[in-house]
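Novice: In UniProt numbering, the protein residues as written are 1 to 215. Ideal Cβ placement from N, Cα and C applies to all residues, glycine included. Source: prediction; values computed, not measured.
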């Protein structure tokens with residue numbers, strides 16, 4: 001939850017440990033531990049109720065392991081349908097976390113009140129229904145934190161759902177783009193973000209209220 005205000009603050013976001021280059025990494029191609037026997041038992045029920053080949057495909061995948069599936073995924077994700085362009089993505093490599101996760105020109109979020117040379121952020125609009133749409137964006141890089149909060153402010157975003165951690169398996173997935181403790185502030189460009197309070201905590205989920213101030 002976010003509220004708009006108009007004043008200033010201080011402190012800068014902490015430096016990110018490492019910038020990723022590609023989403024499909026060699027580590028992801030390694031075999032993972034899979035309980036095949038348990039999985040096949042569960043599939044017996046599916047097979048009895050399924051009239052298609054889904055159950056057989058799942059059985060085959062479990063036997064082969066994840067590597068072939070990941071290789072297929074890595075090859076398929078490179079396909080770009082005709083008439084789909086990624087011109088702005090290609091022009092701003094320093095603002096992209098991964099080289100193989102595209103930002104489409106047709107649905108990209110254009111940063112408001114910015115010159116065309118500086119209105120790019122790796123974020124796309126996703127239309128869910130006639131009156132609901134969401135923004136899907138990458139975990140901010142240290143150098144794109146200012147762009148991220150500018151987008152949040154200008155698009156009047158009311159809630160941010162973070163689906164990754166800052167560090168996963170020793171790899172940086174997201175810069176620390178918001179103040180972690182209550183009362184703490186960070187300043188990025190002309191925007192100050194303050195952690196107002198903890199709203200609610202679950203086992204692995206934290207909900208915090210932030211306020212944004214534009215100088």
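Please identify the residue among 87, 111, 152, 113 whose C-alpha is closest to the C-alpha of residue 103.
Specialist: When only C-alpha atoms are compared, the closest one is 87.
Novice: Quick check on residue 72: does DSSP put it in helix, strand or coil?
Specialist: Three-state result, residue 72: helix.
Novice: If you run the structure through DSSP and keep just helix, strand and coil, what is residue 39?
Specialist: Note on residue 39: pLDDT 47, under 50, position unreliable in the model; no value is reported.
Novice: How is residue 62 classed by DSSP in three states: helix, strand or coil?
Specialist: Three-state result, residue 62: helix.
Novice: With a cut-off of 8 Å, do at least 3 Cβ pairs link the stretch 139-152 to the stretch 80-97?
Specialist: These segments touch.
Novice: For the alpha helix (DSSP H) that residue 154 lies in, which residues bound it at each end?
Specialist: Taken as a continuous stretch (DSSP letters only), the alpha helix (DSSP H) holding residue 154 covers 145-154.
Novice: State the beta-bridge partners of residue 174 as determined by DSSP.
Specialist: Partner(s): none; residue 174 has no beta bridge.
Novice: Starting from residue 91, follow the alpha helix (DSSP H) in both directions and report where the run begins and ends.
Specialist: 87-91 is the extent of the alpha helix (DSSP H) around residue 91.
Novice: Could you give the C-beta distance for residue 196 and residue 207, rounded to a whole number, given that I count them as a contact under 8 Å?
Specialist: 12 Å between Cβ atoms; not a contact.
Novice: Quick check: what's the CA-CA separation for residue 163 versus residue 176?
Specialist: Answer to the nearest angstrom: the Cα atoms are 14 Å apart.
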